[in-house]
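Quick notes on the structure that follows.
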Amino acid sequence: MKRMESRLAHVKQGMKAACILHNGCQSLKDSVASWWESEARAVDIYICGTHSCYAGVQSEGHQALNALANYFWRQAGHTASADVA
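Residue 1087 is where the sequence shown starts when you use this note's numbering, and the numbers rise one by one after that.
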């Protein structure tokens, strides 16, 4: 997935919107097209580079990111951890 630059103050509102959309899709039993999921997974293989993408990031934010990633990963029926880093 592509990275979105945003101010930290707007992240909470963005996460609420993402969760609402996720819940709406689940309640409507909407599914993701397999071609889209394959395309999104292909982008995930790219590495940031030799530097740390999380240099200077507060650990609480990284923990929240991992918690959300794992929640949605388990909701999709996967069993392994989806830790981002």
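In this text, a Cβ means the ideal position worked out from N, Cα and C, and glycines have one as well.
- In the three-state reduction of the DSSP assignment, HIS1096 falls in the helix class.
- The shortest C-alpha to C-alpha distance from SER1120 to any of HIS1096, ALA1128 and ALA1155 is the one to ALA1128.
- If you draw a straight line from the Cα of GLU1125 to the Cα of ALA1104, it comes to about 20 Å.
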